[in-house]
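Residue numbers (our numbering), protein chains in the order written: chain A, 104 to 500; chain B, 104 to 500. Don't be surprised by glycine CBs; every beta carbon is placed ideally from N, CA and C. This one's a predicted model, so the numbers in the text were calculated from it and none came from an experiment. Structure first, then comments.
There are 2 protein chains.
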Amino acid sequence: MTVAMRAGPSQDEIRRQNLGALLRYVHVRGATTRAELTTALGLNRSTIGALTADLAGAGLVSEGTPKETGRAGRPSLVVRPESARVYAYAYSIEVDRLRAARVGLGGEVLDRRELERPRNLVAGDAAPLLADAVREMHRAVPPDSICVGAGVAVCGMVRREDGLVRLSPTTGWVDEPIGAALAAELGVDVPITVGNVADVAAFAEHARGVAAGCDNVIYLYGDVGVGAGIIAGGRRLTGHGGYSGEVGHMVVVRDGVLCDCGRRGCWETEIGEHGLLRAAGRSDARGREALLALFDAADRGDARAQTAVRQAGDWLGFGVANLVNIFNPEMVIFGGTMRDLYLAAAAQVRSRLNSNGLPACLEHVRLRTPKLGDDAALIGAAELAFERLLADPLDVG
Amino acid sequence: MTVAMRAGPSQDEIRRQNLGALLRYVHVRGATTRAELTTALGLNRSTIGALTADLAGAGLVSEGTPKETGRAGRPSLVVRPESARVYAYAYSIEVDRLRAARVGLGGEVLDRRELERPRNLVAGDAAPLLADAVREMHRAVPPDSICVGAGVAVCGMVRREDGLVRLSPTTGWVDEPIGAALAAELGVDVPITVGNVADVAAFAEHARGVAAGCDNVIYLYGDVGVGAGIIAGGRRLTGHGGYSGEVGHMVVVRDGVLCDCGRRGCWETEIGEHGLLRAAGRSDARGREALLALFDAADRGDARAQTAVRQAGDWLGFGVANLVNIFNPEMVIFGGTMRDLYLAAAAQVRSRLNSNGLPACLEHVRLRTPKLGDDAALIGAAELAFERLLADPLDVG
């Protein structure tokens, strides 16, 4: 209601909106002819020309002749994002590793670093490690480049208004201002936006991955815990404080197994790392390697491992059915360890989903694995920074 | 992504948007001074004057001097919605009754009819009954009135693209084109928009009820079944086909009680009409009267009724906690029979919600009953029709 009650935009706002729309188009689709931009954006040729000139003047796009098309006639000029020159830094703080990357406008990972993360590494110790990685990458950046900001993906609940990590049961963080810590460590004043890993991965897959063009998507991400990034009506679902998507703490077994969050019977106690390893009689093992070893054992015919994987697959389908009945999505994406589990137990997942889902909610839903793979977290974190640029291109350049 | 990639609007679109914004403002807030409109919409005085003149010319608003304010100086003119002249018809098809109303611009119910509905009344028989009620009301409509359309609220799953009622387990309807049936029965060509009762009630409470100003809301509606209307980020959540919000079919007890939908352990088997009456040893009873008798018995100290109500209240809190963790809403509204259950077992609802909800998701959530009461379905159905008017005011008038 709030949005619709706004009056129409001013001329300045329209120009910003047009600049953002053109830049977003080439950011998402890559090099595009002026002719296609004219059609796609519904603007006339002279407006497209003026907008392109403004963006080129700010160093955000360049224009040139297209590659040989084999067609006769004068070719339409091609507008390209300045992917090598305009970039954002992206950080991903995961259960078992820290990653940093430099991502160009257009979504290409230009450079990256990865560090092992000892579990229970406190936030105060994570920031310097990531800052070191970024400083190292920064030395290789061409001198006339433009850094538009930085984004961080964290496996935890992130407050929308300021990016505070409220709670990350899997890393033990409580109320950690990781964005501010990184900014202080780097001694820079570029804005650093923080988001939940499932949310930003969903954002990336929706912008340029398997869910491109889909307006209603659930991206299920698993590590020790399980969370979802949700796209509803083409927009990210954030909830009031930024905490929506905590589907791993949907209780599926009343008085079930104790969860890291202190409650009992949460969905992630059945499909998360601990639950899978417990069911397979491997409670002492930890980490993604242990999980992959379990899937491998199931694949090689180990009966106990197979039973554990099938049972977890059934629980995965059980929870997905609930979410499909609640959200009526057109796609469910399985990322992180949920990808491994889904691939190992697809028959069980589908069978339970089909028996628990309502027919109308099931009829258009597709189950998919990520197109961007593990890079979704990094690319999504960078998208958080690019969003600021796209909202007002000439202000950031 | 789709929306943001659009270019800025044309001058025509801006004018339509401004007309819609002004009309929506007085539709939601009632009579408003030109001065307040200028501030609220961020437009200058002459633009407000021109927009008002256009809307007045179409008979949608009128202008006049305000009531005595006691303040000195020339008073700002007041813009009023033409509530008695501009109206929509609203229908509500419920488990136990059929309702029809004439709702004025501004949301006031101008006239209404109510009929008992025998359970299992087929759609083909519901349409003529409702059409009769509307014809009767129509005879009393002033001759220079403007009907902008009609909306229908149905307890069932409604396909977004055409309003087909796909499934209504509580009425037994399958693939019923109720909108078309009503239009044929009435022999009119006004557009008839169909929506799920929980969705339209949520819409009404969000526009002009207890959730005004809230961007993230869950409206839980119960009769025999349970469904939710969800507002996320200020917008209605519809899902891909229009079927989102089927929270009553979130399975909470694996291999639980058989549900009307054919599955087992759905949430509504514990908190819906049948579950409540079953738990109280009243399985033979049916209907809202039977349910109210049960709550009344609990209130008067009947031990078995009290146990049933407390247990259902605990299950209500259980499911709400899951939804709060998934959506992070700022408000949960209990409508229909959920209102009765919530009021009868508020302590159990809160206790279970507090123990199963994540602290960050709980910290801003308020539990409320509807402000518009049972009228929410009628007002929400009318809002479906008004939405068409507000999207392009001068096209409908």
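Inset, instruction - Show which residues of chain B have a CB atom less than 7 Å away from the CB atom of residue 347 of chain A. - result: What residue 347 of chain A touches in chain B: 429, 430, 431.
Inset, instruction - May I ask which residues mark the beginning and end of the beta strand (DSSP E) holding residue 276 of chain B? - result: Residues 276–279.
Legend entry - For residue 454 of chain A and residue 228 of chain B, the rounded distance between their alpha carbons: Going by the C-alpha atoms only, they are around 38 Å apart.
Inset, instruction - Pick helix, strand or coil for residue 147 of chain A, following the three-state DSSP scheme. - result: DSSP places residue 147 of chain A in coil when its eight states are reduced to three.
Legend entry - Proximal residues of chain A, C-beta to C-beta of residue 463 of chain B below 7 Å: Neighbours of residue 463 of chain B in chain A, taken as residues at a C-beta separation under 7 Å, are given in chain order as 260, 269, 270, 344, 346.
Legend entry - CB contact check: residue 120 of chain A to chain B, cutoff 7 Å: Contact of residue 120 of chain A with chain B is assigned, a C-beta pair being separated by under 7 Å.
Inset, instruction - Within the same chain, show all residues whose beta-carbon is closer than 6 Å to that of residue 121 of chain A, passing over the 5 residues directly before and after it, in chain order. - result: Take residue 121 of chain A, set aside five residues on each side of it, and the residues of its chain with a beta-carbon closer than 6 Å to its own are 154, in chain order.
Legend entry - Cα-Cα separation between residue 233 of chain B and residue 353 of chain B, rounded to whole angstroms: Each residue's alpha carbon lies about 33 Å from the other.
Inset, instruction - Go through its chain and collect everything with a Cβ distance to residue 405 of chain B's Cβ below 7 Å, but skip five positions before and after it. - result: Closer than 7 Å at the Cβ level, and outside the excluded window around residue 405 of chain B, lies no residue.
Legend entry - C-beta atoms of residue 379 of chain A and residue 435 of chain A nearer than 7 Å: Result no, Cβ atoms of residue 379 of chain A and residue 435 of chain A do not sit closer than 7 Å.
Legend entry - Of the listed residues B:188, B:444, B:218, B:371, nearest to residue 207 of chain B (C-alpha basis): Per the Cα distances, B:188.
Inset, instruction - Answer with yes or no whether the minimum CB distance from residue 299 of chain A to chain B is below 7 Å. - result: At a cut-off of 7 Å between beta carbons, residue 299 of chain A makes no contact with chain B.
Legend entry - Listed by chain order, chain B residues near residue 117 of chain A by CB distance under 9 Å: Correct list: 110, 111, 112, 117.
Inset, instruction - Check distances from the C-beta atoms of the stretch 324–345 of chain A to those of chain B and list, in chain order, the residues that come in under 7 Å. - result: Correct list: 335, 336, 337, 338, 340, 341, 342, 343, 344.
Inset, instruction - Look up residue 436 of chain A in the DSSP assignment and give the residues it is bridged to. - result: Beta-bridge pairing links residue 436 of chain A to A:322, A:471.
Legend entry - Per-residue DSSP class, three states only, for residue 205 of chain A: Residue 205 of chain A carries a strand assignment under DSSP once its states are collapsed to helix, strand and coil.
Legend entry - residue 115 of chain B - containing alpha helix (DSSP H), residue span: Counting along the chain, the alpha helix (DSSP H) containing residue 115 of chain B begins and ends at 114–132.
Legend entry - Given residue 179 of chain A as reference, the closest of A:150, A:131, A:139, A:210 once Cα atoms are compared: Minimum Cα distance to residue 179 of chain A is reached at A:139.
Inset, instruction - List the DSSP bridge partners of residue 299 of chain A. - result: Partner(s): A:257.
Inset, instruction - Could you check the C-alpha separation between residue 296 of chain B and residue 156 of chain A for me, to the nearest Å? - result: Roughly 46 Å separates the two Cα atoms.
Inset, instruction - Return the CA-CA distance between residue 223 of chain A and residue 369 of chain A, expressed in angstroms with no decimal places. - result: Straight-line spacing of the CA atoms in residue 223 of chain A and residue 369 of chain A works out to 22 Å.
Inset, instruction - Closer than 7 Å, Cβ to Cβ, to anything on chain D: give me those residues from the stretch 142–162 of chain B, in chain order. - result: The structure shown contains no chain D; the protein chains it does contain are A and B.
Inset, instruction - Below 8 Å between beta carbons is the criterion; list the residues of the stretch 444–463 of chain A that meet it against any residue of chain B, in chain order. - result: With the criterion set as a beta carbon lying under 8 Å from some beta carbon of chain B, the members of the stretch 444–463 of chain A are 458, 459, 461, 462, 463, in sequence order.
Legend entry - Which residues DSSP lists as bridging residue 249 of chain A, in chain order: For residue 249 of chain A, which the question treats as bridged, DSSP gives the partners A:189.
Legend entry - Amino acids of chain A, ordered along the chain, whose beta-carbon sits closer than 9 Å to that of residue 467 of chain B: For residue 467 of chain B, the C-beta contacts it makes with chain A under 9 Å involve 343, 344, in order along the chain.
Legend entry - Sufficient close CB pairs (3 or more, under 8 Å) joining the stretch 181–195 of chain B to the stretch 134–150 of chain B: A contact exists between the stretch 181–195 of chain B and the stretch 134–150 of chain B.
Inset, instruction - Leaving out five residues on either side along the sequence, give the residues of the same chain with a beta carbon under 7 Å from the beta carbon of residue 143 of chain B. - result: Hits under 7 Å: 128.
Legend entry - Boundaries of the beta strand (DSSP E) in which residue 227 of chain B is found, first to last residue: Per DSSP, residue 227 of chain B belongs to no beta strand (DSSP E); it is in the alpha helix (DSSP H), 226–241.
Inset, instruction - Please determine if the stretch 187–201 of chain A and the stretch 232–252 of chain A are in contact, where contact requires at least 3 C-beta pairs separated by less than 8 Å. - result: The stretch 187–201 of chain A, when compared against the stretch 232–252 of chain A, does touch it at the 8 Å Cβ threshold.
Inset, instruction - Give every residue of the same chain whose Cβ lies closer than 8 Å to the Cβ of residue 114 of chain A, excluding the five residues on either side of it in the sequence, and list them in chain order. - result: Excluding sequence positions up to five before and after residue 114 of chain A, its CB lies less than 8 Å from no other CB in the same chain.
Legend entry - From A:301, A:375, A:315, A:276, residue whose alpha carbon lies closest to that of residue 345 of chain A: When the alpha-carbon of residue 345 of chain A is set against those of A:301, A:375, A:315, A:276, the nearest one is in A:301.
Inset, instruction - Mind the definition here: the stretch 333–352 of chain A touches the stretch 321–331 of chain B only if three or more C-beta pairs lie below 8 Å; say whether that holds. - result: Touching, no.
Inset, instruction - Note down the Cα distance separating residue 83 of chain A from residue 307 of chain B, rounded to an integer number of angstroms. - result: In the structure as shown, chain A begins at 104 and stops at 500. Residue 83 of chain A is therefore absent and cannot be evaluated.
Legend entry - Residues near residue 203 of chain A by beta carbon distance below 6 Å, same chain, minus five either side: Once the five neighbours on either side are set aside, the close Cβ partners of residue 203 of chain A are 194, 216, 233, 236, 237.
Inset, instruction - Would you kindly work out how many angstroms separate the C-alpha atoms of residue 167 of chain A and residue 191 of chain A, rounded to a whole number? - result: About 24 Å.
Inset, instruction - State the beta-bridge partners of residue 402 of chain B as determined by DSSP. - result: Answer by DSSP bridge pairing: none, since residue 402 of chain B is not bridged.
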